[in-house]
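By the count of our numbering, the sequence shown reaches residue 482 at its end, each step adding exactly one.
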Amino acid sequence: MERVGILVVSYGSREAAMVDAFTRSQEYRVELYIADRQKNPFNVRKAKEHVVIPDLNVEAIYRFAEKNRDRIDFGIVGPEKPIIEGIRNLIEDNLRIPMICPTKEYALERSKVMQRRLFQEIVPEANPRFKVFDPNDYRDLSDVKRDLFKWLDELDNKVAVKPDAPAAGKGVGVWGDHFNTREEILEHFLANFKVGPVIVEEKIEGEESSFQAFCDGKHIIPLPETRDYKRAFDGDKGPNTGGMGTYKDKGSILPFMRIEDWEEEKRIVKKIFEKLKGGGSNPCLRGMPFYEAFIHTGKGPMILENNSRPGDPEIIPILALLKDDFVDICYRMIEGTLTRIDIDEKAAVLIYKVPPKYGGYIDAFPHLVNRDEIGTPVILDDAEKLSSKYGDSIRVYPGSMEIREDGRTYALSSRAVGVLGIADDIQSAREIAVEGIKAIRGGALWYRTDIASKEHIERSIRHMEELRKRA
């Protein structure tokens, strides 16, 4: 069996799922060199060598790669920060280790302004109406307010306010969700405007989906659609988060989508890819340059944003359902020969369990938090033992968790642990995930109880039917 050394730049559960996919290889003897945000118990167990770099700064990642350069065949990066800061450019230019992530120039999320203008040029039909407010264009706040209020009049206040710089999905404010008056819009706007340019775009009514595609620079291979749950609390209430869970249906599309929506998404992304690719091939796009948040309207899908990395959590069910060897997929991306990926048709549901301060839960629901449990060790054993009942149909992926000197595992500040259930239908997969989540004890952790619930999915289906009738 051929040995392969892989550098993994890790942030949370998404990368634990990558590590799992690599170590399940039937064709390669995998050695993992993991640069991690924390001492993740799953990654520590699987790694040949593991280093903690809390801020994931590119210089420290580079030094770790340089130290192990003779044992690393390629690298893969999950989180956006090192991609935006040019980790691929640095490692490939100096160490000649091929990296699976786009180069700095193709990390489109580094500027939402650039992204919107690019989409306006290539796919205007899928781009919401928007206006850019740049501090460099204004002498004083009264001028900004005048222009902003004029634009708000045009859009009847129904807007989304987005900072130009990346905010991990948490800097965005939306009418009806984060603000309900013009004064609240202005407050949110000014908080971002003092930092840099701000986009104010029309709020699009619809249902969201996540489109992801692997790319080798010549080809893009779309993956089955997933649904992300951005808001912290049940019923899509509360602040935006990194994502509280996700689901994938059998096949390639979600229950509220039509096959023509999926085809239109692929057409839109292919147009963007062809523009960025230019003639022939563009290896700078290698990895997942197109993780697209689409919103489905009565007239078809529109782009909310593009990220140049795999979705967290949306890539997790896909990785678990790969029929092809993930190491082999990575080699094909590097070689420019990725023409298809074989994926199991099953449904999957992932639910995150998170600490009490995450998403402001302890402030919103103080009576629901067991304060005696805050800061206690998190026990994953009972959840992991469910594999004796479900086999590979349950996966437990620690994220923002660390092993401490006492040998026990503790939750940190972000999404602590994800449990994935796999089955022939969404509800059966959900039952497995919920059983796993309930088996995790300690740390006063909590979770959204409506991820992939029948009620939530039926509401999405009804909403789309109404929107199509109105269109």
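All C-beta atoms, glycine included, are put in the ideal place defined by N, C-alpha and C. As the structure is a computational prediction, the values presented were derived from the model and not from experiment.
Can you tell me where the alpha helix (DSSP H) with residue i in it begins and where it stops?
i	result
Ile270	Ile270 to Lys288
Leu478	Lys465 to Arg481
Gly447	Ile437 to Lys449
Tyr369	From DSSP, Tyr369 is part of no alpha helix (DSSP H); its letter is neither H nor E.
Gln131	Lys123 to Ile133
Val55	Pro52 to Lys57
Lys255	In the sequence as presented, Lys is not what sits at residue 255; that position holds Met. From DSSP, Met255 is part of no alpha helix (DSSP H); its letter is neither H nor E.
Ser398	Ser398 to Tyr401
Phe204	Arg193 to Phe204
Ser24	Ser24 to Thr34
Lys92	Glu91 to Ile95
Kindly list the residues whose CB is nearer than 8 Å to the CB of residue i, restricted to its own chain and excluding five residues on each side of it in sequence; keep chain order.
i	result
Phe144	Val155, Asp158, Leu159, Phe200, Phe204, Pro208, Val209, Ile210 and Val211
Ile264	Pro235, Glu236, Ile270, Asp272 and Trp273
Lys282	Ile133 and Val134
Lys400	none
Lys334	Asp353, Ile354 and Asp355
Lys248	Arg242
CA-CA distance, residue i and residue j?
i	j	result
Tyr458	Gly253	13 Å
Glu77	Leu106	7 Å
Lys449	Phe141	43 Å
Glu136	Met313	8 Å
Lys173	Gly311	23 Å
Arg35	Ala171	42 Å
Asp164	Phe190	16 Å
Glu446	Arg351	34 Å
Arg406	Pro388	20 Å
Gly370	Ser425	9 Å
Arg80	Leu287	31 Å
Leu315	Leu478	18 Å
Glu26	Gly89	6 Å
Glu219	Phe75	38 Å
Ile215	His474	13 Å
His378	Leu423	22 Å
Leu166	Ser153	20 Å
Arg419	Arg193	49 Å
Leu349	Tyr342	9 Å
Tyr421	Gly429	14 Å
Phe376	Gly187	21 Å
Asp175	Glu198	17 Å
Asp227	Asp31	22 Å
Ile437	Asn147	49 Å
Lys92	Ile385	29 Å
Could you check whether residue j and residue i sit closer than 7 Å to each other, using their CB atoms as the reference points?
i	j	result
Pro300	Ser319	yes
Ile45	Val19	yes
Ala427	Leu397	no
Val380	Pro366	no
Glu213	Pro109	no
Ile390	Gly453	yes
Phe284	Ile326	no
Pro324	Pro52	no
Met255	Tyr363	yes
Ile433	Ser411	no
Trp275	Lys50	Looking at the sequence shown, residue 275 is not Trp but Glu. Going by C-beta atoms, Glu275 is not nearer than 7 Å to Lys50.
Gly97	Lys123	no
Arg48	Tyr22	yes
State the start and end residues of the unbroken beta strand (DSSP E) segment that holds residue i.
i	result
Asn317	Gly311 to Asn318
Glu165	Careful: Glu165 lies outside any beta strand (DSSP E), inside the alpha helix (DSSP H) at Leu152 to Glu165.
Leu67	Element bounds for Leu67: n/a, residue is neither H nor E.
His307	Gly298 to Thr308
Ile431	Strictly speaking, residue 431 in this sequence is Leu, with Ile absent from that position. Taken as a continuous stretch (DSSP letters only), the beta strand (DSSP E) holding Leu431 covers Val428 to Ala434.
Leu18	Glu13 to Ser21
Val88	Phe85 to Val88
Ile405	Ile405 to Pro409
Phe267	It is not in any beta strand (DSSP E) - Phe267 carries neither H nor E in the DSSP assignment.
Glu213	Val209 to Glu213
By Cβ distance below 7 Å, which residues in the same chain neighbour residue i in space, the five residues on each side in sequence not counted?
i	result
His467	Asp461
Asp245	Arg459, Thr460 and Asp461
Pro328	Thr237, Thr257, Lys259, Ala359, Leu361 and Leu431
Val339	Just to set this straight, residue 339 is Asp in the shown sequence, not Val. Cβ within range, chain order: Glu38.
Phe33	Ile17, Val41, Leu43, Phe337 and Val338
Gly309	Leu478, Arg479, Arg481 and Ala482
Ser292	Gly228, Lys229 and Gly347
Ala394	Val407, Val430, Gly447, Ala450 and Ile451
Who are the Cβ neighbours of residue i in its own chain at under 6 Å, not counting the five residues just before and after it?
i	result
Lys277	Pro233
Ala58	Leu43 and Ile45
Cys112	Val88, Ile94, Arg99 and Gly298
Ile196	Phe190
Ser471	Glu218 and Phe267
At least one CB of chain B closer than 7 Å to the CB of residue i: is that the case?
i	result
Glu276	Within the model displayed, chain B is absent; a lone protein chain is all it includes.
Within 6 Å: the Cβ of residue i and any heavy atom of the ligand ZN?
i	result
Gly184	You won't find the ligand ZN in this model; it holds no ligand whatsoever.
Three or more C-beta pairs under 8 Å: does that hold for the stretch 100 to 115 against the stretch 123 to 133?
The stretch 100 to 115 is not in contact with the stretch 123 to 133.
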